[in-house]
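These notes are about the structure you will find just below.
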Amino acid sequence: MEQLVTSPHTHAPDRSRPPSQLPHAAGQQMPGALRRTRRTRRMPVVTALLAAGALALSGCGDGSSAGGNDDGKNGRPGANAPDVKIKVSSKDGATNAGINDTGVKATGGKLTEVKLTEAESGKDVAGAISSDGTSWKPGVQLERGTKYKIVAKAKDAKGRAATENASFTTVSQANSFIGSYTPDDGKTVGVGMPVSFNFDKAITNKKDVQSHITVASSSGQKVVGHWFGTQRLDFRPEDYWKAGSKVTMKIDLEGVKGGQGITGVQSKTVSFTIGRSQVSTVDMNTQHMTVKRDGKTLKDVPISGGSPENPTYNGQMVISEKFEQTRMDGSTVGFGDKGKTYDIADVPHAMRLSSSGTFLHGNYWADASVYGNRGTSHGCVGLRDHQGGGGDTPGKWFFDESLIGDVVIIKNSDEQTVKPDNGLNGWNLSWADWKAGSAA
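Counting in the numbering used here, the sequence shown runs from 1 upward without gaps.
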């Protein structure tokens, strides 16, 4: 008996009705023909389904027999694909990339070209490929909150080329923190110079931030950090630095959480040298300054300190800035009353001792008789000098002989001791109090 080939969606004809009752119109085939047609049409469908199944199964395999010789066409690695692999440190599409850790590395070959540009301006960012061709780094620190595009090209040993593209945006200023610091890399400074950080955001996670900044001296002196509030962190040893020693500071704040929603973006090593030891002592009783170099008296200089109405701070102070000439306006430091203020446009040989306006500077407007005899200033320490700074004067001599970081000790004044955070003057804290301010 003839069998019909059916599918789950095809019903066999109703055999309870005689052939003569089956509907047929003009052009329709008779049931027998219909059955034969269905039979001949269904067989290829089943064959096609089986074939499709076979293709689907081969598509789920390990690829060892599929596309192995298509040379990388259709998105599959071919036998002729390059061996070199390129990795960009900042992920494509990243929105919080660091500003220091961007780079490119190549394995199995060498980089031939790397181009980094600011996406908006199209400005190229300078950089260099390493001598062995396996890495690339930008030559400058990237800007915060900026979108960049990078294209890296490399070749393997057979000359086959590969290219990697990525775009990323660096962490925004709102979501990051950075610390300005002193002294700068490569400087030679005096024995009193602390390492001082000022952060642009309040730091609540002080322990982690401090632990990612290390300061070490070739002298072997123990160095400890001290927090002044939430935005300033200074480092110093118990006593002044040893003359001639080298101090190295490692900043590893990239990715460190400083507080809620803010991450560090600095990664740098800074080294500076401690010069000769120079400590000068100003005695307000005698109105003289004794300058000692490496423990030996170098010179005795007559001065004119603060007047009885405006005495000079006592304490150990560190020269933090030097200006061959600067303007001094008393209204900017609280001397606003008529008759009590001053505004001198060309103060020569000025050296800052405090943030609040205490300077040791040249003075050309006072009578020569005041030096070594009485205090006449608004709190500064004045040395005889010439207008314009020329000539052989005590003011010029001391300026030329001084380094940023040198110590100036002021004693026997009627004023209080300068606050340790007023300038770089943490030496006015005992070692026990200094260590108590450490978060590490």
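Beta carbons: idealized from backbone N, C-alpha and C, even for Gly. Only a predicted model underlies this, so the values are computations on that prediction, with no experimental measurement involved.
Assigned exposure category for residue i - 16 Cβ within 10 Å defines buried
i, result
"D421", "buried"
"W365", "exposed"
"V140", "exposed"
"A97", "buried"
"T102", "buried"
"D385", "buried"
"W434", "buried"
"T182", "buried"
"A479", "Since the displayed the chain opens at 1 and closes at 440, residue 479 lies outside it and no answer follows."
"G264", "buried"
"R327", "exposed"
"W431", "exposed"
"A368", "exposed"
"K396", "buried"
"R236", "buried"
"S211", "exposed"
"V305", "In the sequence under discussion, the amino acid at residue 305 is Gly, which differs from the Val named in the question. That one is buried."
"G261", "exposed"
"G258", "buried"
"P138", "buried"
"G389", "buried"
"L424", "buried"
"A81", "exposed"
"D83", "exposed"
"Q416", "exposed"
"N314", "buried"
"P348", "buried"
"N165", "exposed"
"G362", "buried"
Per DSSP, the bridge partner or partners of residue i
i, result
"K110", "K155"
"R232", "N198, F228"
"L116", "V125, I150"
"S438", "Per DSSP, none; premise fails for S438."
"S86", "Contrary to the premise, residue 86 reads as Ile rather than Ser in this sequence. I86 pairs with A106."
"K137", "A128"
"T417", "N314"
"I344", "M328"
"A94", "Answer is none; A94 lacks a bridge partner."
"S217", "V247"
Range covered by the beta strand (DSSP E) that runs through residue i
i, result
"D252", "246 to 252"
"K411", "407 to 411"
Limits of the unbroken alpha helix (DSSP H) element including residue i
i, result
"P394", "394 to 401"
"V209", "206 to 211"
Any non-hydrogen atom of the ligand GTP within 7 Å of residue i CB
i, result
"N285", "The ligand GTP is absent from the structure shown, which contains no ligand whatsoever."
Practice prompt. Quick one: which unbroken beta strand (DSSP E) runs of 3-plus residues sit fully inside the segment 146 to 194? Chain order, please.
Written response: 147 to 155, 161 to 169, 179 to 182
Practice prompt. Only counting runs of 3 or more residues, tell me where the beta strand (DSSP E) segments fall wholly within the segment 241 to 325, in order along the chain.
Written response: 246 to 252, 257 to 259, 262 to 264, 267 to 274, 278 to 283, 288 to 293, 296 to 302, 315 to 318
Worksheet item: Unbroken alpha helix (DSSP H) runs of length 4 or more, entirely within the segment 348 to 384: which are they?
Response: none
Worksheet item: Is the segment 273 to 290 close to the segment 188 to 198, with three or more CB pairs under 8 Å?
Response: yes
Worksheet item: Between the segment 245 to 260 and the segment 209 to 227, do at least 3 Cβ pairs fall closer than 8 Å?
Response: yes
Worksheet item: Three or more C-beta pairs closer than 8 Å, one from the segment 373 to 387 and one from the segment 348 to 364: is that the case here?
Response: yes
Discussion item. Three or more C-beta pairs under 8 Å: does that hold for the segment 103 to 116 against the segment 155 to 166?
Written reply: yes
Worksheet item: So does the segment 170 to 179 actually touch the segment 121 to 138, counting three or more Cβ pairs closer than 8 Å?
Response: no
Item to complete: Decide yes or no for the touch test of the segment 320 to 331 against the segment 390 to 410: beta carbon pairs closer than 8 Å, at least 3 of them.
Response: yes
Discussion item. Could you check whether the segment 278 to 298 touches the segment 249 to 268, counting it as contact only if at least three pairs of C-beta atoms, one from each stretch, sit closer than 8 Å?
Written reply: no
Worksheet item: Contact between the segment 193 to 211 and the segment 280 to 297: three or more CB pairs below 8 Å?
Response: no
Discussion item. Count Cβ pairs between the segment 140 to 154 and the segment 115 to 127 that sit closer than 8 Å; are there 3 or more?
Written reply: yes
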